[in-house]
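Q:
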Amino acid sequence: MRKYIPSDIEPKWQKKWQEDKLYAIDLDQAAKKYYLLVEFTYPSGDLHIGHWFAFAVPDVLGRMKRMQDYQVFFPNGFDAFGLPAENAAIARGVHPRDWTLSNIENMKQQFGLMGAIHDWENSVITCLPGYYKWNQWIFLKMLEKGIAYKGRALANWCPNCQTVLANENVEAGECWRCGTEVVQKEVEQWFLRITEYADRLLWSDNPTVDWPKPIREGQNNWIGRSEGVNLRFKVKDMDIHFEMFDSVPQTFMAQTFTVIAPEHPMVYELVKGTEHEKEVMGFVEKIKKKKMMNKFEIDRDIEGVFTGRYLEYTPTGKSIPIWVASFVIYEYGTGVVNSSAHDERDFAFAKKYDIPLHPVMFPKDPKEAEKVKNLEYCYHHAPDGILQEPEEFKGRRWEEVRHDIIDYIEKKRYGKRKIQYHLHDWSISRQRYWGAPIPIIYCDNCGTVPVPEEDLPVELPYKVDYTPKGKPPLATAEDWINVKCPNCGGEAKREAETMDTFVDSSWYFLRYLDNKNDTEIASSIRLKALMPVDIYFGGAEHTLGHTLYSRFFYKFLSDLGVLGNLGEEYAKKRVHHGVILGPDGSRMSKSRGNVVNPDEQIKEYGADAVRLYLCFIGPYDIVAPWNPGGLGGVYHFLQRVWLLQEKLGSQAEKLGFKDLNIMHKTIKKVTEDLENIKFNTAVAALMEWLNHLCRKEKVSKEEFRSFLLLLAPFAPHITEELWQILEAKYSIHQQSWPKFDNKHLQQDQVLVVIQVNGKVRDTLLIQNDILSNKEVVEKMAKKSEKIQKFLTGKTVKKTIYVPGKIINLVI
RNA sequence: GCUGGUGUGGUGGAAUGGUAUACACGUUCGCCUUAAGAGCGAAUGGCCUACAGCCGUGUGGGUUCGACUCCCACCACCAGCACCA
């Protein structure tokens, strides 16, 4: 018999499976489909162990599903636009397109070593015109529906990458790619009105799809819906009216001062020509500058300046001083805040600038002051004059009075109910080369003109000077940028900016279905056959970016009617994978030099062992450093599987009860564990069964057969090889998944634990037929010598018996 | 500060109210071998006077016949968000 040498068998089968298109399915008529999706890859050049973890482990699930007669669709592709390609290309003098496409070729080869059921026929590469044509098409549709628009706004600007960044791409004030400090800059940019979908993107407590709670909570917090009122005010002695958002309307009677954001245009109106102008505008400039320098650094210094103005506060008839304060966010709400000094920050501000507050608002007893955080205390304990609650609300609970107060405010016309979101519209303009062109033409006569649909795609020109110069590289591509206006035929220029790559990844899972379709995103036949995605694996880091954007896109496309009637969410189930860290315990990155390339390990132990080890290493959401030490263990396991051949009985051997019991138990365990994304315990169950088999003199064909079938999804190569020896038939991957039989799960006798006062003192083997008879079991338990010792001189007060598990004698 | 999560042997981890530490790594001992490796077998939570005992799942309390598991309070760590009125 040959030794188990993975390199002798793995390439051979990989080649054969590919030639035979063993894993291909018919996308037009997948009757019992299973769409398995893993977040596609950025083509950085080399596959590392993290890619294996992300793709090879879900492949195990996909393979089981195939054997359960599902037509499993497990596509793979590349998220191929984006800054790293451009930066790497600039550094090495290679064109981003060439760099990217050659990386993709290389990575496809490396993916091949995994032995996954990927079908590369249905791949997507987002930087190819056939793909991004549909980016542009969706953009035009959004423009048509008012979801895409051009606006001026302060944006996060990375001076190094020379581009605008989305909020989600700013990490602690730094660019997510290069780590350069981000500054604020006002620029014109294209936005997608995701806020229009804010309410529909919010998760209910009981969603119809199975997405993890952390992602749902995270998205809900990010959307940040808060319900309150917009109160209306007039500035004293001036014809200025404004609104302010208040999410705690319960305190509307308690207002003692007002603060405005420094950026607010009204500030100048208030102080123009007054003695306060110089001081206030100086303060505004100072804060603006500070924010420009490092907006995202947490600045606990709360600063402000009095405008000299007051507002007429209708509900209480009081005059309320108006201040400008550093901490007010212009972009949130109306940029004006009602300060009733019930929260710590407002209180600190008032104290710092001696703004008179009623002293009793804050209790002197520090323990009592703690309660102020709940606001409830304020509401019930504030003195007259500060918190004059309308009669009808006196003595009622804080939360329950909330809606009545909003009604009251509306009735009295002090203001209007308002729903405010933290979520901002999504800026998609990027001042870089390597992205999908935005299909817009600027004409002196006609203004902003969308590129007509029949002219799509607007192809990204190849020959462009893409080194950053402070303006978009495409603006320098003379023969590309200058075009005839599609409207009037006059001289016009194309939009020189490109799209955020998160646009590309917001709908790629639809394109997998129909990647060559030239007339629609995907045919309705295929959409109907394969959507929604059954399970979507990906990283927890995409909670606020990709998974929110893609839900938005799906809802938009659904509203547009291009999806048919597929429901609100694109994936029935979302599963987060963990992170394999570098051996040094930090995230793998080329710059740290701690990237683990699995090539060596595959050479030494084989793809099967690496796959198995990645399953076995821990729960699938584990975040842990790569420790190749355990690889030897799973390799050893495979070797013992290989050696089972020697134990194969010459003919059908009668299996004992124990053999059948462990076999069916393992079938049940592996099936259920894979279904529940518990790969590690599924492998452990196989190991236990193998330990049993190895202890036996002979192994029956039936056992070996079932064992190989269960192992096949984890280790597709070695099981295929052994299958040939066992069955002389191709292929194991076209066999049906074994089923367990309940009758073999029942044991004829059961181990029952005897406890005295909850402590284990003995065990007892009990025949099935007397298992349900409490009296008999109790008698047997009391007879036990070990138990006798604990019972002498004591009385048994109570006996608890859980049939088949435990008997507890209470003395 | 807010939100979500996690705390179990030397290590990765298992156990969702019923024998805590499955499965594996590592370590130690033995067999085999000229030797090494591989392979095979055994032991491996701590303590003790070491086979009739005690302690033990971050800490303290509670519920229960029985708690890693449920409840309350706290501590530590991880992740995300963070001046959101």
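The first sequence begins at 1 in my numbering and counts up by one.
Every residue gets a Cβ at the ideal spot worked out from N, C-alpha and C, and that includes glycine.
Remember, predicted model here, so these are calculated numbers, not experimental data.
1. Rank 149, 250, 123 by C-alpha distance to the C-alpha of residue 402 and give the top, closest one.
2. For residue 639, report the span of its alpha helix (DSSP H) as first-last.
3. Go to residue 205, then tell me how far its beta strand (DSSP E) extends in each direction, as first and last residue.
4. What did DSSP end up calling residue 507 once you bin it into helix, strand or coil?
5. Going by DSSP, what residue range makes up the beta strand (DSSP E) through residue 455?
6. Return the residue from the list 551, 598, 517, 228 that minimises the CA-CA distance to residue 420.
7. For residue 260 versus residue 155, is the C-beta spacing smaller than 9 Å?
8. Would a C-beta distance cut-off of 9 Å place residue 59 and residue 74 closer than the cut-off?
9. For residue 719, does the count of other Cβ atoms within 10 angstroms reach 16, so buried, or fall short, so exposed?
10. Under 9 Å between the Cβ atoms of residue 143 and residue 125?
11. I'd like to know whether the C-beta atoms of residue 532 and residue 508 end up nearer to each other than 9 Å.
12. Is the number of C-beta pairs between the region 657–665 and the region 606–623 that are closer than 8 Å three or more?
13. Once DSSP output is grouped into helix, strand and coil, what is the label at residue 371?
14. Would you be able to state if there are at least three C-beta pairs under 8 Å between the region 509–528 and the region 472–479?
15. If we count the other Cβ atoms within 10 Å of its Cβ and call it buried at 16 or more, is residue 505 buried or exposed?
16. Report all residues from its chain with a CB closer than 6 Å to the CB of residue 306; omit the five preceding and five following residues, and keep chain order.
17. Among the residues of its own chain, which have a CB less than 6 Å from the CB of residue 543, if the five just before and after it don't count?
18. Contact between the region 232–239 and the region 549–565: three or more CB pairs below 8 Å?
19. Mark residue 378 as exposed unless 16 or more other C-beta atoms lie within 10 angstroms of its C-beta, in which case mark it buried.
20. Taking only the alpha-carbon atoms, compute the straight-line gap between residue 786 and residue 605 and give it to the nearest angstrom.
21. Does DSSP put residue 448 in a helix, a strand or coil?
22. Buried or exposed: residue 152, going by 16 or more other Cβ atoms within 10 Å of its Cβ?
23. Going by DSSP, what residues sit across from residue 571 in a beta bridge?
24. My assumption, with CB atoms under 8 Å, is that residue 65 sits in contact with residue 35. Please give the rounded CB distance.
25. Indicate the three-state DSSP secondary structure (helix, strand or coil) for residue 114 in the structure shown.
26. For residue 107, which of helix, strand or coil comes out of DSSP?
27. Output needed for residue 150: all residues of its chain with C-beta closer than 8 Å, excluding positions within five of it in sequence on either side, in chain order.
28. Looking at C-alpha atoms only, which residue of 444, 442, 450, 432 is the closest neighbour of residue 461?
29. Three or more C-beta pairs under 8 Å: does that hold for the region 280–287 against the region 261–268?
30. So, are the CB atoms of residue 457 and residue 498 less than 9 Å apart?
31. Going straight from the alpha carbon of residue 488 to that of residue 78, what length do you get?
32. Buried or exposed, going by whether 16 or more other CB atoms sit within 10 Å of the CB of residue 893?
33. Residues bridged to residue 257 by DSSP?
34. If you draw a straight line from the alpha carbon of residue 597 to that of residue 49, how long is it in whole angstroms?
35. When the Cβ atoms of the region 6–21 are set against those of the region 703–710, are three or more pairs found closer than 8 Å?
36. Give me the DSSP bridge partner(s) of residue 808.
A: Walking through what the data contain:
1. 250
2. 631–647
3. No beta strand (DSSP E) contains residue 205, which DSSP labels as neither H nor E.
4. coil
5. Neither: residue 455 is in no beta strand (DSSP E) and is coded neither H nor E.
6. 228
7. no
8. yes
9. buried
10. At least 9 Å separates the beta-carbon of residue 143 from that of residue 125.
11. no
12. The region 657–665 is not in contact with the region 606–623.
13. Because the pLDDT of residue 371 is 43, which lies under 50, any placement of that residue in the model is unreliable, and the number read from its coordinates should be weighed accordingly. Residue state, collapsed to three classes: helix.
14. Pairwise C-beta distances place the region 472–479 out of contact with the region 509–528, as fewer than three of them are shorter than 8 Å.
15. buried
16. Cβ contact annotation for residue 306 (same chain, cutoff 6 Å, sequence separation greater than five): 323, in chain order.
17. 215, 218
18. The region 232–239, when compared against the region 549–565, does not touch it at the 8 Å Cβ threshold.
19. Caution applies to residue 378, whose pLDDT of 46 falls short of 50 and renders its modelled position unreliable; the value that the coordinates give is listed next. By the 10 Å Cβ count, residue 378 comes out buried.
20. Cα-Cα distance, rounded: 50 Å.
21. strand
22. exposed
23. 533
24. Incorrect: roughly 10 Å between the Cβ atoms, too far for contact.
25. coil
26. helix
27. Same-chain partners within the cutoff: 188, 189, 190, 191, 448.
28. 432
29. Because the criterion of three Cβ pairs below 8 Å is met, the region 280–287 and the region 261–268 touch.
30. no
31. 39 Å
32. This structure does not reach residue 893, given that the chain is present from 1 up to 811, and the question cannot be answered.
33. 339
34. 6 Å
35. no
36. Its beta-bridge partners are 755, 800.
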